[in-house]
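Okay, structure first, notes after.
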Amino acid sequence: MQQPPPGAGAPNTPVLEVRNLETQFFTEAGVLRAVDGVSFTVAAGETLGIVGESGSGKSVTASSLIRLLDEPGRIVGGEVSFQGRDVLAMTAEELRSLRGNAVAMVFQDPMTSLNPVLRVAQQMVETMMAHGRFDQATATERAVSLLGRMGITAPERAITGYPHQFSGGMRQRVMLAMGFSNEPVLLIADEPTTALDVTIQAQILDLISELNRDFNAAIILISHALGVIASVCQRVLVMYAGEVVEEGPTEAVLADPRHPYTWALINAVPRVDRAMPASKRLLTIEGSPPDPMHVTAGCRFQERCPFRIARCSEHPSLDEVADGRKARCWIARSGEPLPATAVAPAGQPATSAAAPRQPSEPPAGQQAPLLSVRGLVKHFTLPRQDLFGKRKIVRAVDGVDLDIARGETVGLVGESGCGKSTFARLVVRIHEPTAGSVVFAGNDIAQATAAEIRPLRRRMQMVFQDPYASLNPRMTVGDILSEPLQFHGLTSSPAATRARVEELLSAVGLTPRMIGRYPHEFSGGQRQRISIARALALEPEFIVADEPISSLDVNIQAQIINLLIDLQERLRLTYLFIAHDLAVVRHICDRIVVFYLGKVVEIARAHDLFTAPLHPYTRYLISAVPIPDAAAERRRQRLPLVGEPPSAIDPPSGCCFRTRCPIAKPVCAEVAPPLLPAGPGQGPEHVAACHFPGQF
Amino acid sequence: MSNAATSLTLDPARSAPPLSKARRWLRRYGLPAFGVLVIVSWVLVAALAPLLAPYAPAAVDVTARLHPPSAQHWLGTDALGRDIFTRLMFGARISLLTGAVVVLVSAVLGTLLGAIAAYARGRFEELIMRVTDLVLCFPPIILAMAIAAALGIGTFNTIVAMLVVWWPKFARLARSLVLVQRSQEYVEAAVVLGLSPARIVLRHIVPNAVGPLIVLVTLDVGNAIITFAGLSFLGLGVVPPTPEWGSMVSEGRELIEQWWVATFPGLAILSVVLGFNFLGDGIRDWLDPRSRRR
Amino acid sequence: MAHYLVSRLAMAAIMALLSTLVIFLLANTVPGDPVLSQLGDLAASNKEFVAEWRAKWGLDLPLWQRYLIFLERLAHGDLGISIASQRPVLRDIADFAPATIELASIAFLLSIAIGVPLGVLAAVRRDSWIDHVARLISLLGVSAPTFWLAFIVLALFYGGLQIAPGTGRIDTIALPPPSTTGLYLIDSALAGDWQLFRDALAHLILPSTVLAAATLGLITRTTRASMLDSLQQDFVRVARAKGLKERRIVVGHVLPNALIPVVTLGGLAYANLLTGAVMTETIFSWPGLGRYTFRSAVALDFPAIMGITLVVAVTYLFINLLVDISYALLDPRVVR
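See below:
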């Protein structure tokens, strides 16, 4: 095996130096300045994080480093120097021998990153052979050992498989093995865990940290999530509108942000390790990033900045504001820290003026629950694979009991494929249950016909996950909102309809001027507001929100959360809130239900669940969530949940979690544990389906 | 030169000189516009044939058999001395009519069956899909030929035969489109809003599913015209004196010396089919957001 | 894989059985009485004779019994007697098939050998001259009626330029080679008669090119579209990031994915070649199944038409079975 080329070993010599990088996209509509003068360095063996919201230019920066841009993107200026060599001046052949060799890259979506028709072995071996460092036999041997190193069981057998036989997490391990196969000096990881579940994300992040240590490769980790950066990176760059706005050691930046944008970013996300104070509202900043086609003079953040001063109309440079800290901000130059979170600055949205939240009414006992689900089951029959094949059955939801009281917010969490979205669709009867009852306001709707349910539709509504798919692209916003009003005869005249539509738009923070526009003219956050307005049109009591914020940027997430909280207080709504982000759920929910493989494994009040989880799976879930606080991340010992959820086609006997449970005993394979109150001092409000609750 | 290698250019001169507006329009809509022009011209010719044609389509003139193109007979005459130019104009009527009828009727029928199958699921869907499987297990023209032969020669019978083999592809496409639409979140949202099934189908599913159907219909008219001409060529389309392009080629197929007899009707078919292909490709590009930026 | 194979075979067998039912119903329930057409006008006017004939062929039995009889005869290879040739239809088909197989095989090879590389180049060099050429060829291929194209080519290269031989499989004065396979190229090569081989090859050039045109257009078009689609996939970006050579990315990564939809064209290509063969053989006086079909259609030779339809349908099913199998071989995701 070859040694890394000279220049990589010496400490403090930067492996990578980027100066004034400018990358632009020459579209028909105009020139888009995706990266606009970015400079940074990466030292040997260092871990650097780049964080920013979508469109901030972080991914384009990553691709520009090895000139992996798609048309019509071009690097128009600046310097990229890797180990002293000018990357921008390299010939195609020099560039090719750099890529995948000294610089490796791992991408966001492991499901599409591997070629589906080639065996894993071939894809790994060709990477090593392309750079002439290994012969076929050595490369194959090395591929097996690397897969083993990445935590893939039975690598000799796995390597002969095709990508579709691997889960997303496993594929990302293969991608990492491939990335490290030529002993790179630098690994660029572009949102490597965004497409993965939280427990798998934790596994991959731990693996990346280990690889950094063991291989001494420098790592650039690109992510939209501060928590992810905090758990891996020593240093962080914060990008906004194509520029670096802040740079510094991760711990210092997160604890004491100097740029108002960083400050807003940190305070917009709820934290899984803390209960929120009385007000559930998150700090948000108004507006959206500037149009990258028409960048204005002055600070690009000025229009949204709560601390704005007169000088902000001049464009600030990225300057040292403290020891090892840089920020692109006039205010930060004074060296003063920004206020702590609790103090709401000027420019805080008006919503925060609302009254502090009432504690929710006790869920059970006093009054009949608004929604009562008993023994709910949904089995999907898969189409026959072939003529003689048995029809396989997916047990998406497999016997769920749940009560939701009026005015309550119940959170539903679990990994993808656990049945939480199916459960949501059963409750609002998009799907018909296979068995069980769904009693809504006294009516069992589980087997009711569409006509019988129609009157109840007005009282329960749903907000969907994907703001791009949940609005009919061929209807204007006005049509989308007036359709339910007219269909249910809620408004008597066109004028009344229009007035009501305008009222709905203002209720979700949009202006009535937008009434004639089509969905594609709106941003993701605005679309989600329209989706919420549509749900509100019928004045429902109960809203099922199926991951309503998971595809949005953090600041927009915070805005939508605030909106939902606001609406709940004003309209006395009851929510079933489905999410995979535990921090958000902890933040807004009264009670939380944990799903695993179509079953409920634990239900508890939010505080109890996070402070004293009973089910081992719940503990793992909480532990896997990265915290945007480098110090806390370092103190915390992450619990390593091994493996992946079993298939819902063939669930394990007994307790469904036993195959991954560290405290499983023989009884767990035989008897399915019932959902019972458990643990010292736990009332009937805290139930878990475990034979040994709280013993892990 | 690899794509990746060209992606970096520091030379500003190479950074995408914007095409002029007219050239960009021509590049994007030029061929489809040409297609429309061809189709419209043929439709006009077909409609106005009795007014425009210099001769009667069935006027036999034994003194002027197999004359080459000349001032009297622009495109020459056939073995019976009939004017080819005239017959070509009248032939447009049958070709365009059969093409349109076959495609429109089978599109409506097939789409309805496919959409109902996808919406109803269960037994009905099984039945419809098995029947389409069965029809699709014959090469279409061979089956159409067998049916046409069984029904007897005649334009109507040939159209019926073509309809039998034509509808299944629309049924399949419509079914898959509806199945995709059904799981879209905005359709689910419409269900949750309690809208009636008819309204969901008409307002939410149809407008979003109709694009690919329109593309298929457009591209398919050309296909149907070729097929009908082919069946006519085999003697199964029209009853002899009727002017029809396929049978005109058939009449001239052995007259290699008198090339004009078969050449011009064939060119007519080619031009119409090209027209529909240009138009269909244009509509597809226009509907496909991925190919829109070029 | 074995499981998949057996399942597909069973499916094909069921469809084959059902297609015999379709043919049977077509032959027995349509307006034109097949018996009358078989008997001829004179005999048909004699009622007694007709009744006797019907009884003889079991036509007075209920439909399902007649179907069983039809199946039984089918099992013995009896497809009925052709009116035109007065010979068993199956014998006619067997006699005429080799000429068509020879012609269609060459046309098929031509369309793949040209269509796939052309489609690949067009996609890789998008918007270059080769892309425009490919687009023109595929458009003309699918838009030009085969019967007309055959005529034009013959009139131009044989009638006009006189650089190609005329109609038929070999020169009119030449004797066919001793029949082993029925394919003149192979038979003449086996007999060592190279002059005849050259003659047969020369006669194949024009008709096979014409026959290839439609399929070529289809293959070029599909290959190009599917290549463009695959080129946009994430794994191509990954392959570039791995430092693979551009040629290796196209050939090793993009092409294997892009070929999958092309393989599914197999059935369509067969249907195309077959219909094309009817037209091409008619123009080129090629003594194959296509011309036999044309003559049967023109003469309304009902038993022959039904026999051909059945044979063609069964072959079509077989081709589609092959397509399914190669699909499974190319795409590991199909068979679990």
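Residue numbers (my numbering), protein chains in the order written: chain Z, 55 to 750; chain F, 263 to 556; chain U, 15 to 350. Glycine included, each C-beta is placed from N, C-alpha and C at the ideal position.
Query                                                                                                                                                                    : Result
Is it right to say F/S332 is buried, meaning 16 or more other beta carbons lie within 10 angstroms of its own, or is it exposed?                                         : exposed
Along the alpha helix (DSSP H) that carries U/D201, what are the first and last residues, could you check?                                                               : Y198 to L204
So, at 6 Å on beta carbons, what are the nonlocal neighbours of Z/A612 in its own chain, with the 5 sequence-adjacent residues on each side left out?                    : A322, L336 and T338
Are F/L425 and F/V501 touching if we call contact CB-CB under 8 Å?                                                                                                       : no
Ordered along the chain, which non-local residues of its own chain (more than five positions away) have a Cβ less than 7 Å from that of Z/P350?                          : Sequence inspection shows Thr at residue 350 of chain Z; the Pro mentioned does not correspond to that position. If we look at Z/T350 and ignore the five residues flanking it on each side, its Cβ neighbours are P344.
Who are Z/V517's beta bridge partners in DSSP?                                                                                                                           : Z/A599
Looking at the secondary structure, which residues open and close the beta strand (DSSP E) in which F/V235 lies?                                                         : A question about residue 235 of chain F goes unanswered here, because the residues of chain F that appear run from 263 up to 556.
Output, in sequence order along the chain, the residues in the segment 518-529 of chain Z whose CB is closer than 8 Å to any CB in chain U.                              : none
So which residues of chain U does F/R515 contact, with C-beta pairs closer than 8 Å?                                                                                     : F161, F165, T296 and I297
Taking a contact to mean a Cβ-Cβ separation below 8 Å, would you say U/L232 touches U/N271 in this structure?                                                            : no
If the criterion is Cβ atoms closer than 8 Å, does the pair Z/P170 and Z/G222 meet it?                                                                                   : no
With 16 as the cutoff for other CB atoms within 10 Å, does Z/V481 come out buried or exposed?                                                                            : buried
When you compare only the Cα positions, how much space is there between Z/P68 and Z/Q162?                                                                                : 26 Å
Thinking C-alpha only, which one of Z/I206, Z/N236 and Z/V239 is nearest Z/V228?                                                                                         : Z/I206
Looking at Z/L265: is its Cβ nearer than 8 Å to the Cβ of Z/A256?                                                                                                        : no
Would U/A158 count as contacting chain F if we go by Cβ distances under 8 Å?                                                                                             : yes
Any Cβ of chain A within less than 8 Å of the Cβ of U/A26?                                                                                                               : Looking for chain A here will not work: the only protein chains present are Z, F and U.
U/F332 versus chain Z: which residues are under 9 Å apart at the beta carbon?                                                                                            : By Cβ distance, chain Z contributes nothing, its closest Cβ being about 17 Å from U/F332, past 9 Å.
Please compile the residues from chain Z whose C-beta is within a distance smaller than 8 Å of the C-beta of U/V138.                                                     : The contacting residues do not exist; U/V138 stays about 14 Å from chain Z at best.
Can you look up Z/A407 in the DSSP assignment and give me helix, strand or coil?                                                                                         : Here the model assigns Z/A407 a pLDDT of 35, short of 50, so the residue's position is not dependable, and the following value carries that caveat. Helix, per DSSP.
For Z/F80, write down the residues that DSSP places opposite it in a beta bridge.                                                                                        : Z/V85
Can you list, in chain order, the residues of its chain whose CB lies under 6 Å from that of F/W548, leaving out five sequence neighbours each side?                     : none
Starting from the beta carbon of U/A311, find every residue of chain F whose beta carbon is closer than 8 Å, and list them in chain order.                               : M407, A411, L496, G497 and L498
Shorter than 8 Å from the beta carbon of F/Q446 to some beta carbon of chain Z?                                                                                          : yes
Ignore the nearest five residues each way along the sequence and tell me which others in Z/A404's own chain have a CB closer than 8 Å to its CB.                         : In this predicted model, Z/A404 has a pLDDT of only 37, less than 50, meaning its place in the structure is not dependable enough to derive any value.
I want to verify the contact list: residues of chain U whose CB lies under 9 Å from the CB of F/V511, in sequence order.                                                 : P159, F161, W162 and F165
Measuring alpha carbon to alpha carbon, tell me which of Z/S388, Z/L275, Z/P370 and Z/S367 ends up nearest Z/A376.                                                       : Z/S388
Quick one, which residues of the segment 537-557 of chain Z are near chain F if we go by CB-CB under 9 Å, in chain order?                                                : E537, P538, F541 and H542
Taking the straight line between their C-alpha atoms, what separation do you get for Z/A723 and Z/G99?                                                                   : 46 Å
Identify which residue in Z/A295, Z/F94 and Z/V174 has its Cα closest to the Cα of Z/A212.                                                                               : Z/V174
Note down, in chain order, each residue of its chain lying with its Cβ closer than 8 Å to the Cβ of Z/L149, except the 5 sequence neighbours on either side.             : I120, R121 and V141
Helix, strand or coil for U/Y341, going by three-state DSSP, please let me know.                                                                                         : helix
Evaluate Z/D662 with the Cβ neighbour count: other Cβ atoms within 10 Å of its Cβ, from every protein chain shown; 16 or more gives buried, anything less gives exposed. : buried
What first and last residue would you give for the alpha helix (DSSP H) that runs through U/E295?                                                                        : G280 to I297
Using a 10 Å radius around the Cβ and a threshold of 16 neighbouring Cβ atoms, would you call Z/E374 buried or exposed?                                                  : exposed
Quick one: complete alpha helix (DSSP H) runs, 4+ long, within the segment 606-644 of chain Z?                                                                           : 608-625 and 636-642
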